[in-house]
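Take the sequence shown: its letters are residues -23 to -1, 1 to 514, numbered as in mature numbering (1 follows the signal peptide of the UniProt record, and there is no 0).
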Amino acid sequence: MKNLLRPFCIGILGISLMFISCADDGIDGVDGINGVDGTDGTDGADGADGADGADGMDAEFPITIDQLTFSKIGTFTNGNDEAFAEISAFDAVTKKLFIVNPEEDEISVLDLTDATNPVKGASIALTGSPNSVAVHNGILAIAVENSDKQLDGTVDTYDTDTQILIKSYVAGALPDMVAFSPDGEYIVAANEGEPNDDYTVDPEGSITVIEVATETATQISFAGQINPGNGFRVFGNNAASSFVQDVEPEYVTISDDSSTAYIGLQENNGMAIVDLNSKTITGLVGLGTKNHNVSGNEIDASNRDGIAGNLKNWNVLGFYMPDAIDYFTANGNGFIVSANEGDSRDYDGYSEEVRVKDLDLDPAFYPDFETLQEDENLGRLKTTTANGDEDNDGFYEQIYSYGARSFSIWDTNGQLVYDSGSEIARRTLALAPSIFNQDEGEVDGRSDDKGAEPESVKTLKVGEEILLFVGLERTSGILAYNVTNPYNPVFVTWIYDATDISPEGLIVVDKDDSPTGNYLMIATHEVSSTIAIYEMK
């Protein structure tokens, strides 16, 4: 700064002399203001690419039920051969669908390699009428009744690839349902033991447990069991049959850990619990009744009132009497879901079935019995003479009906967790009023009987959630619910095709086993003799 000031002083010397003389060095002045920034220089050449980073982890997000779309992708019909399509089982190894065909005493076989175009293959001829099929890891199990239904039937096993018989096991009378345990170690058959039509021969109901590895069969009897109460029914042939004769095992489902079988006893309104390791009955449960006089449990009880969907409360108790049952696990706990169809014993030699107008009602319990017994009220409702007259005076203090017109969820002790109330009736009335409680095309035609008749149930694990399908035999539709919370199921969708009549059996295929790579639901329709394949993705 000193050198810069010197010329400045000389330049103004004349003026400066008028005031002062310039010294050699003045005091440093303050810095000047920064100049304007210069323009940017040109960009340098690009540098070399850096090394590739490590691969990241793929993220998998489980699909949820509300993301699913449902579409019918395949169908097969066997013409007018009613009863061709009753129960089926899918083999993931061969992609074959095995179908019970009792009319031909055979198992019909479809190749589902292309699920959109099922191809019929060679059938498996049997020595008797089949009632049920199940598949596990390349082995097919078939429940076959004797030509004399009151004699012992068999459980026959076949190789699913060659369709050659592996072994035939003696079962009880009328093996009606067969199932593999999830681990494939056991085959369990429910032997219904139905009487002949005269009710002069009533075989024992029983359970057959087969160990697959050792090829041994154990017959489990109900001897020593007693009536557990809570609506468990023992009544056949005016109580002339013994307890073991009266019990009629109908359906089988097995726990996910393969330790326990649950056996539905439809006519008895009960359930048996079987330990598969010890091969013993560890529990017998009465399923109780449903009060149709409670809000939420309304029914349409007449097909002669001129109103489809005339849902009302009535002083009627409904026996649950489930047909199909299915085990599932939710939040670490086991549950059994049931299709509460209902069934009566109606034989030439004995019948419990009458209509309410045929009962002598006790006026102390039904003071308005004359009005109630009119056709447009309760008169047409089918009921039983086996229950309701507790004091045996010939007058009925209580009206009972067959089935609960619902699906229910039970815990593993047989205690009721949830019942759908009048949901099925209200839902079908809203979605498809023209087929409400239909009977061979007549709307409202089954209201006096068992309503829509929930026949079949099947659950499917979708990601971390549980999807339930409920097949309605009379309405011919299928309802789907999210039962991830078994205490509060949520409606998902309604599946219906007018060409498919009376769904008898439902199965599901996990996407890992599916020929399409997506979840499948396969419905077999008894009346239309059709197979319907639905894909969910």
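Positions of the beta carbon are idealized from the N, C-alpha and C atoms, including for glycine.
Short of 8 Å from the beta carbon of Pro79, and not among the five residues preceding or following it, lie these beta carbons of its own chain, in chain order: Ala60, Glu63, Ser106, Pro107 and Asn108. Spanning the alpha carbons of His269 and Thr389 requires a straight line of approximately 25 Å.
Under the 8 Å Cβ criterion, the segment 219 to 232 does not count as touching the segment 349 to 359, having fewer than three qualifying pairs. Proximity to Gly448 across Ser411, Asp426, Pro463 and Thr405 peaks at Thr405, based on C-alpha coordinates. In the DSSP annotation of this structure, the continuous segment of the beta strand (DSSP E) that includes Arg332 starts and ends at Glu330 to Arg332. The criterion of a C-beta distance shorter than 8 Å is satisfied by Ile76 and Thr501. The bridge partners DSSP lists for Ala120 are Ser109 and Val132. Under the DSSP assignment, Thr195 falls in the beta strand (DSSP E) whose first and last residues are Thr193 to Ser198.
When only Cα atoms are considered, Lys289 and Glu275 end up about 5 Å apart.
The alpha-carbon of Thr137 is positioned some 42 Å away from that of Phe212. Restricted to the segment 347 to 396, the beta strand (DSSP E) segments that are unbroken, complete and at least 3 residues in length are 359 to 361, 376 to 379, 384 to 388 and 393 to 396, listed in chain order.
Looking at the backbone, the Cα of Lys256 and that of Phe346 are separated by about 49 Å. Membership of Thr52 in the beta strand (DSSP E) is indicated by the continuous run Phe47 to Thr54. Taken atom to atom, the span from the alpha-carbon of Glu367 to that of Val434 is near 34 Å.
Taking C-beta atoms as the reference points, Ala409 and Lys49 fail to come closer than 8 Å. In this chain, Ala150 is not harboured by any alpha helix (DSSP H); it is covered by the beta strand (DSSP E) spanning Leu142 to Ala150.
In this structure, the straight-line span from the alpha carbon of Ala118 to that of Ala285 is close to 43 Å. Taking C-alpha positions only, Lys438 is separated from Ala278 by approximately 36 Å.
The beta-carbon separation of Gly380 and Asn317, rounded to 5 Å, stays under the 8 Å limit for a contact. With distances taken between CA atoms, Val333 lies nearest to Glu353 out of Tyr395, Gly260, Val314 and Glu353.
Under the three-pair Cβ rule at 8 Å, the segment 318 to 327 counts as touching the segment 168 to 181. Asn214: member of the alpha helix (DSSP H) spanning Gly213 to Ala216, first to last residue.
The beta carbon of Gly440 is closer than 7 Å to those of Pro39, Ile40 and Thr41 in its chain, skipping five residues each way along the sequence. Beta-bridge analysis with DSSP links Gly263 to Gly247. Taking the Cβ atoms as the reference, Ala166 lies roughly 11 Å from Val110, outside the contact range of under 8 Å. Cβ-Cβ separation between Ile499 and Leu74: approximately 7 Å, consistent with a contact (criterion under 8 Å). With a 10 Å radius around the Cβ and a threshold of 16 neighbouring Cβ atoms, Thr191 comes out exposed.
If you draw a 10 Å sphere on the C-beta of Tyr464, you find fewer than 16 other C-beta atoms in it, and that means exposed. Separation of the CB atoms of Ala148 and Asp125 is rounded to 14 Å, and the pair is thereby denied contact status at 8 Å.
Its Cα nearest to that of Asp252, the residue Ile184 stands out among Met513, Ala216, Asn308 and Ile184. Unbroken beta strand (DSSP E) runs of no fewer than 3 residues, entirely contained in the segment 445 to 470, are found at 455 to 459, following chain order. With a cutoff of 8 Å on beta-carbon distance, Ala120 and Asp82 are scored as not near each other. Inter-residue distance for Ala156 and Ile116 is about 12 Å (C-alpha atoms, whole angstroms). Counting along the chain, Asp337 sits inside no beta strand (DSSP E), nor does DSSP assign it H or E at all. Exposed is the label assigned to Asn310, since fewer than 16 other Cβ atoms lie within 10 Å of its Cβ. By the 16-neighbour rule on beta-carbons within 10 angstroms, Phe468 is exposed.
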